[in-house]
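Take a look at the structure below.
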Amino acid sequence: MQRLGLALMEDDAVEDADLLRAHGAGDPHAFARLYDRYERACFQFIRRLLGAAHGDAAEDLHQETWIAVSRNVAGFDPAKASFAAWLFTIARHKTFDHFRRQKIAVLSSATDSALGETAMMVPDPGQTPLEQVQSRERAEEIVAAVEALPLEQRGVFVMFAQGGLSLEEIAQITGVALETAKSRLRYARAKLRQSLAGERSAHV
Amino acid sequence: MSDHGPAPDPMDKAYAQAEAMLDDEAAGAARRARVLGAVAREAQASTSAVSTPPGRRLAWGRGGWLAAASVAGVTALVAIQLYRPAVTRPEPPAAEASVEAAAAPAIAPAREPAAAARAPAPPRAPTSPFVASRAEMRSRRDDPVVVASPPPPPSFQTAPAAAPPPSPVTPPASADAVTARRAASPLAAARAPSAAMEASVPASPAVSAARLRAAAAAGRIAELTALLTPGAPVDAPDDDGETALMMTVQANHPAAAALLRRHGANLDLKNRAGVSARDMAASIGDPDLDRALGLAP
Chain A
1 MQRLGLALME DDAVEDADLL RAHGAGDPHA FARLYDRYER ACFQFIRRLL GAAHGDAAED
61 LHQETWIAVS RNVAGFDPAK ASFAAWLFTI ARHKTFDHFR RQKIAVLSSA TDSALGETAM
121 MVPDPGQTPL EQVQSRERAE EIVAAVEALP LEQRGVFVMF AQGGLSLEEI AQITGVALET
181 AKSRLRYARA KLRQSLAGER SAHV
Chain B
1001 MSDHGPAPDP MDKAYAQAEA MLDDEAAGAA RRARVLGAVA REAQASTSAV STPPGRRLAW
1061 GRGGWLAAAS VAGVTALVAI QLYRPAVTRP EPPAAEASVE AAAAPAIAPA REPAAAARAP
1121 APPRAPTSPF VASRAEMRSR RDDPVVVASP PPPPSFQTAP AAAPPPSPVT PPASADAVTA
1181 RRAASPLAAA RAPSAAMEAS VPASPAVSAA RLRAAAAAGR IAELTALLTP GAPVDAPDDD
1241 GETALMMTVQ ANHPAAAALL RRHGANLDLK NRAGVSARDM AASIGDPDLD RALGLAP
């Protein structure tokens, strides 16, 4: 499986589960190695789920997520899910709990269909400069477009594109059918194209 | 419309590049130090929270109880050996007293041992609070016998007095002898630990709460059941604000969690990090645990 941003994990022969077990047994370095493998993807996932309005909470939720991982070593079963899937499940729960505490209504997946077919009609631009991040400004536009996605689509897209999770894992994490996860990813990509194409035309 | 399924998509790559460009390495390093530090502190705190009660369990484990039983048994035995009833005779009627007053000086020394053997008296010097309380209870229990016993009839015999006529309320053997036999019997040694435990183990709320948390963290149902008496400090937190329910949720023990909930453990209390047992259960996402906590049907 391709895991963008987690090259270190692929180079490292030690399994995540072994590191977690070693941490549970008191190895002081095992947890740091595990953290280094997934920290960036996990933080960005939380950060993007929170969106710009609640980004300040990302640091705290990220820390709570890793503390929960540390506390619940015994609860991880490698036979049921990969460590990455388990980690993102915890991170997602933490984020949704934050929304609940803040009394923020979590938009349901009804927004998937609200996107409508118009977004799906946007042609795939292929290898155009759109995908080539040429400047910091462009990078911020892309991230802003991702944060503007409906919550569930955003989560699926970030987990797939940045976390490198498979659609099966994403379906498991979010508790939906595989086809639902797949369609959310499709809608997310389409809406991003639509959004970024609009911005590009506005700049021109 | 093209299919953008699980295959890599240029949009994915563009987003990954954007994140990489916006990534702040300094902030990431600071975050790493903070998170790993918090995890280390957390691990240390949970280790100390779980390891403290086992220290007490070692002290009062099986070996501890046996030692306590032995000490209590020996103490009781010594107390019984030292137990000598005082010469307390009921006051005779005034008329008889005057008759006895003339003859008694000659015969009293010969009669006293028998009277002493018959009539129990309050203990002289209890050796421990436990023994004192037991002896006091015995004394109270035996009081009616002393009061109900008729005063020994005035006797002018110089020989040792014969046993008094049996009374319906007088035990066949003296209370002392019965007590001594009881104390010397294996049953006394077997009874002693529980009484010694009641007397010598401080069941302060803090100790009870620490035991409860340790049992909850380890998922020891039998111990939890024993500790969860009415009024038990079920929600007492440790220094980190962690309650027994939080610990059992973190260790994912659904049965222990259900037991604590049945005894009124609060699901929404928060630890010092602001996390409640409900939050922890949500993080774990175990359906069994959720059902045990009443969070899922």
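From first to last, the protein sequence lines stand for chains A and B. Take the first sequence: its position 177, counting from 1, is numbered 177 in my numbering, and each next residue is one higher. So the number in my numbering is just where the residue sits in the second sequence, counting from 1, plus 1000. Glycine included, each C-beta is placed from N, C-alpha and C at the ideal position.
{"Asked": "Would you call the segment 1249-1262 of chain B in contact with the segment 1208-1218 of chain B, where contact means no fewer than 3 C-beta pairs closer than 8 Å?", "Found": "yes"}
{"Asked": "Label residue 143/A either buried or exposed according to how many other C-beta atoms from any shown protein chain fall within 10 Å of its C-beta, with 16 as the threshold for buried.", "Found": "buried"}
{"Asked": "Taking only beta-carbon positions, decide if residue 239/A is within less than 7 Å of chain B.", "Found": "As shown, chain A starts at 1 and ends at 204. That puts residue 239/A outside it, with no answer to give."}
{"Asked": "So that I know if they touch, is there some Cβ in chain B lying closer than 7 Å to that of residue 195/A?", "Found": "no"}
{"Asked": "Hey, residue 1281/B and residue 1268/B: beta-carbon distance below 7 Å or not?", "Found": "no"}
{"Asked": "Indicate whether at least one CB of chain A lies closer than 7 Å to the CB of residue 1241/B.", "Found": "no"}
{"Asked": "Can you name the start and end residues of the alpha helix (DSSP H) that residue 31/A belongs to?", "Found": "30-50"}
{"Asked": "The alpha helix (DSSP H) spanning residue 17/A covers which residue range?", "Found": "16-24"}
{"Asked": "Which one or two residues does DSSP pair with residue 1276/B in a beta bridge?", "Found": "1270/B"}
{"Asked": "Using only the alpha-carbon positions, how far apart do residue 96/A and residue 1010/B sit?", "Found": "29 Å"}
{"Asked": "Name the residues in the segment 20-31 of chain A whose C-beta lies less than 9 Å from a C-beta of chain B; which are they?", "Found": "23, 26, 28 and 31"}
{"Asked": "Under 8 Å between beta-carbons, which chain B residues line up against residue 143/A? List them in chain order, please.", "Found": "1015, 1018, 1019 and 1022"}
{"Asked": "Can you say whether residue 1208/B is buried or exposed, counting buried as having 16 or more other CB atoms within 10 angstroms of its CB?", "Found": "buried"}
{"Asked": "Inspect the beta-carbon positions of residue 70/A and residue 1039/B and report whether they are closer than 7 Å.", "Found": "yes"}
{"Asked": "Tell me whether residue 1205/B sits in a helix, a strand or coil according to DSSP, three-state version.", "Found": "helix"}
{"Asked": "Does the CB of residue 89/A have a neighbour CB from chain B at under 7 Å?", "Found": "yes"}
{"Asked": "So with Cβ pairs under 7 Å, would you call residue 1282/B a contact of chain A?", "Found": "yes"}
{"Asked": "Would residue 1038/B count as contacting chain A if we go by Cβ distances under 7 Å?", "Found": "yes"}
{"Asked": "When burial is assigned at 16 or more other CB atoms within 10 Å of the CB, is residue 1238/B buried or exposed?", "Found": "buried"}
{"Asked": "Distance, Cα to Cα, residue 1296/B vs residue 1288/B?", "Found": "9 Å"}
{"Asked": "Give me the chain A residues within the contact set of residue 1258/B, using Cβ-Cβ distance strictly less than 8 Å, ordered along the chain.", "Found": "Those do not exist, as residue 1258/B stays about 17 Å from chain A at its closest Cβ, beyond 8 Å."}
{"Asked": "Spell out whether any CB of chain A is found under 7 Å from the CB atom of residue 1223/B.", "Found": "no"}
{"Asked": "Using a beta-carbon distance below 7 Å, is residue 46/A in contact with chain B?", "Found": "no"}
{"Asked": "Looking at the secondary structure, which residues open and close the alpha helix (DSSP H) in which residue 169/A lies?", "Found": "167-174"}
{"Asked": "Got a sec: is the Cβ-Cβ distance from residue 129/A to anything in chain B below 7 Å?", "Found": "In this prediction, residue 129/A scores a pLDDT of 44, lower than 50, which makes its location untrustworthy; no coordinate-derived value is stated."}
{"Asked": "Under 8 Å Cβ-Cβ, which residues of chain B neighbour residue 70/A?", "Found": "1039, 1042 and 1043"}
{"Asked": "Are the C-beta of residue 1246/B and some C-beta of chain A separated by less than 7 Å?", "Found": "no"}
{"Asked": "Verify the CB distance criterion: does residue 1035/B have a CB-CB separation below 7 Å to chain A?", "Found": "yes"}
{"Asked": "Would you report the Cα separation of residue 111/A and residue 1266/B, rounded to the nearest angstrom?", "Found": "Below a pLDDT of 50, predicted positions are generally treated as unreliable, and residue 111/A, at 43, falls in that range; the measurement from the model is reported next regardless. Straight-line Cα distance between these residues: approximately 36 Å."}
{"Asked": "Closest to residue 102/A by CA distance: which of 136/A, 82/A, 83/A and 57/A is it?", "Found": "57/A"}
{"Asked": "Using DSSP with H/G/I as helix, E/B as strand and the rest coil, what is residue 56/A?", "Found": "helix"}
{"Asked": "Got a sec: which bits of the segment 175-195 of chain A sit with their beta carbon under 8 Å from any beta carbon on chain B, in order along the chain?", "Found": "182, 185, 186, 189, 190, 192 and 193"}
{"Asked": "Looking at the structure shown, is residue 1102/B part of a helix, part of a strand, or coil, going by DSSP?", "Found": "Because the pLDDT at residue 1102/B is just 39, under 50, the model does not fix this residue reliably, and the value given afterwards should be weighed accordingly. Helix, per DSSP."}
{"Asked": "So, is residue 1066/B buried or exposed, given that buried needs 16 or more other C-beta atoms within 10 angstroms?", "Found": "exposed"}
{"Asked": "Anything in chain A within Cβ reach of residue 1081/B, meaning under 8 Å, just list it in chain order.", "Found": "Within 8 Å Cβ-Cβ: nothing; residue 1081/B doesn't reach chain A, min ~54 Å."}
{"Asked": "Give the residues of chain B in contact with residue 56/A, contact being defined as C-beta atoms less than 8 Å apart.", "Found": "The contacting residues do not exist; residue 56/A stays about 13 Å from chain B at best."}
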